[in-house]
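See below for the structure under consideration.
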């Protein structure tokens with residue numbers, strides 16, 4: 477283990493965090509002011525681009541190649557501006573159009589929150605109706621979803637039997653909105669209570685996007701200051717464990733399994749990139765969508781929560797090296813845990829922002845193993861729910877050895893789609909969704925490489941199933 481006094485030469489640039497806050501505010505502004513385009517059609521030698529508007533004001537778009545292979549892809553976009561998209565990236569769109577696929581997708585309702593789960597699934601099905609009315613019934617329809625759209629996609633995979641033939645999820649937020657807000661709350665709470673005790677930082681029920689941004693900046697400043705001491709680094713590692721934050725950051729070599737100091741250093745790198753700005757901005761959007769706070773920590777046993785984390789050995793080692801009493805910090809967290817949920821918000825999130833209650837079609841989920849925004853552990857949580865519903869034969873999950881959120885190559889995405897088609901066409905997965913088969917398929921495309929690997933995610937560190945006596949606090 478490296479000495480805990482190893483010098484750190486980098487600190488969080490406040491400009492980087494403020495830039496993240498500015499980006500988030502801009503995204504919010506765009507999302508709330510986007511006006512859907514009127515119905516239109518543009519034809520080129522390569523194909524046709526269609527646009528239209530749904531009854532709730534959502535915009536939809538579609539791209540149909542000149543030589544359509546009969547398969548329509550219904551794409552659900554992630555968290556951000558409620559602007560219609562029909563592919564995960566421009567490069568993926570170009571490749572799939574060249575292979576003959578048609579693509580469509582909606583903005584979701586632009587008049588609400590960027591956490592548009594109140595309308596997303598409905599708008600996707602309405603988009604399917606609008607597009608097929610223009611181009612005719614496809615031979616096959618496959619749903620594809622990315623990030624928050626991966627949650628929408630899982631809902632479509634649950635509800636769309638008879639209309640959708642199969643689904644592909646990319647870096648999907650499949651554990652749902654309440655698990656997301658709960659484990660993020662644990663991390664935010666640990667940072668606030670242990671790094672800036674007595675400051676009264678608001679963690680839930682934000683009145684505005686500015687309130688969320690202020691909390692993000694306060695917490696990020698606290699992390700920046702704490703990184704300069706062994707005690708601060710140990711506490712950052714504790715909060716990172718609650719956040720399910722990977723210990724492998726972009727541009728860095730993957731740390732050794734017991735190099736605890738380097739692991740924390742790379743977790744800090746995620747914080748330095750402004751992750752808390754997006755966490756708090758996302759919380760504000762969820763609260764807008766579900767009508768209140770759907771997260772709680774009253775009754776959470778933080779010692780037990782840490783014990784279930786894959787990062788527990790790292791945290792214990794850093795606390796020992798820093799001469800800190802981990803038990804005392806965990807007891808302090810237990811004593812102060814008093815945040816309760818709003819019952820209506822919990823019910824709304826369960827209704828609109830959950831998945832895993834069953835599958836009506838084959839679903840292949842793909843995830844990077846070091847995802848900072850939607851931890852790969854969400855796949856474990858989702859898979860257990862699908863298995864509990866008795867639908868595990870329909871689900872396959874595959875993993876890419878890379879850092880970052882949704883950082884798939886075009887080849888990895890297209891190969892996953894081909895594996896899903898194998899299951900839909902033949903009625904069996906066979907070995908099409910295995911790491912070796914996906915890697916071979918992606919490499920054979922000759923595009924931009926692939927890194928499919930065998931992998932089993934750890935359990936999601938979340939520590940609760942339902943709130944006890946959820947009342948306003």
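Residue numbers (the numbering used here): 477 to 949.
Backbone N, C-alpha and C fix where the C-beta goes; we use that ideal spot for every residue, glycine too.
Predicted, not measured: the structure shown is a model, and the values here were computed from it.
Go through its chain and collect everything with a Cβ distance to residue i's Cβ below 7 Å, but skip five positions before and after it.
i	result
residue 751	848
residue 576	541, 543, 544 and 545
residue 870	835, 837, 838 and 839
residue 910	none
residue 502	The predicted position of residue 502 is uncertain, since its pLDDT is 35 and thus under 50; a value taken from the coordinates is nonetheless stated next. Closer than 7 Å at Cβ, skipping near neighbours: no residue.
residue 731	723, 724, 738, 739 and 742
residue 938	655, 658 and 659
residue 651	854, 857, 858 and 936
residue 810	777 and 778
residue 520	none
residue 921	887, 890 and 891
residue 667	695, 698, 699 and 715
residue 633	619, 643, 835, 836, 837 and 839
Can you find the residues in the same chain that come closer than 6 Å, C-beta to C-beta, to residue i, ignoring five residues on each side of it along the sequence?
i	result
residue 620	549, 551 and 644
residue 923	886 and 887
residue 915	926 and 928
residue 853	720, 933, 934 and 936
residue 525	518 and 539
residue 681	769
residue 716	743
residue 653	762, 825 and 829
residue 812	669
residue 642	618, 837, 838, 896 and 900
residue 893	644
Would residue i and residue j qualify as a contact pair, given that the criterion is a beta-carbon distance under 8 Å?
i	j	result
residue 604	residue 627	no
residue 623	residue 843	no
residue 747	residue 662	no
residue 664	residue 631	no
residue 806	residue 707	no
residue 553	residue 581	yes
residue 918	residue 874	no
residue 629	residue 765	no
residue 879	residue 908	no
residue 709	residue 702	yes
residue 864	residue 790	no
Under the three-state reduction of DSSP, which class applies to residue i: helix, strand or coil?
i	result
residue 577	coil
residue 749	coil
residue 735	coil
residue 742	helix
residue 875	strand
residue 674	coil
residue 726	coil
residue 517	strand
residue 699	helix
residue 538	strand
residue 566	helix
residue 682	coil
residue 786	coil
residue 650	coil
residue 816	coil
residue 847	coil
residue 548	strand
residue 523	strand
residue 529	strand
residue 803	helix
residue 667	helix
Looking only at C-alpha atoms, which of the options sits nearest to residue i?
i	options	result
residue 859	883, 832 and 851	832
residue 769	678, 711 and 873	678
residue 638	611, 817, 900 and 883	900
residue 592	559, 573 and 777	559
residue 736	845, 788, 523 and 912	788
residue 913	904, 895 and 693	895
residue 586	705, 530 and 727	530
residue 1019	903, 904 and 930	The shown model of the chain, from 477 to 949, leaves out residue 1019, and the question about it has no answer.
residue 561	567, 574, 537 and 555	537
residue 804	569, 726 and 792	792
residue 728	745, 647 and 713	745
residue 516	610, 590, 753 and 898	610
residue 583	767, 794 and 625	625
residue 774	816, 733, 600 and 941	816
residue 676	686, 685, 691 and 606	691
residue 786	733, 906, 532 and 640	733
Please go through the same chain and pick out, in chain order, the residues whose beta-carbon is closer than 8 Å to the beta-carbon of residue i, but skip the five residues on each side of it.
i	result
residue 614	546, 547, 548, 578 and 608
residue 688	682, 756, 757, 759 and 760
Beta carbon of residue i: closer than 7 Å to some heavy atom of the ligand HEM?
i	result
residue 699	Only the bare structure without any ligand can be found here, which leaves the ligand HEM out of the picture.
Quick one: does residue i have its CB under 8 Å from some CB of chain C?
i	result
residue 882	Of the chains in the structure shown, none is chain C; there is only one protein chain.
task = At 4 residues or longer, and completely inside the region 590-639: list those alpha helix (DSSP H) runs for me, N to C.
result = 596-611 and 624-635
request  = Starting from the N-terminal side, write out each stretch of the alpha helix (DSSP H) that is 4 residues or longer and does not extend beyond the region 884-948.
outcome  = 886-902 and 911-920
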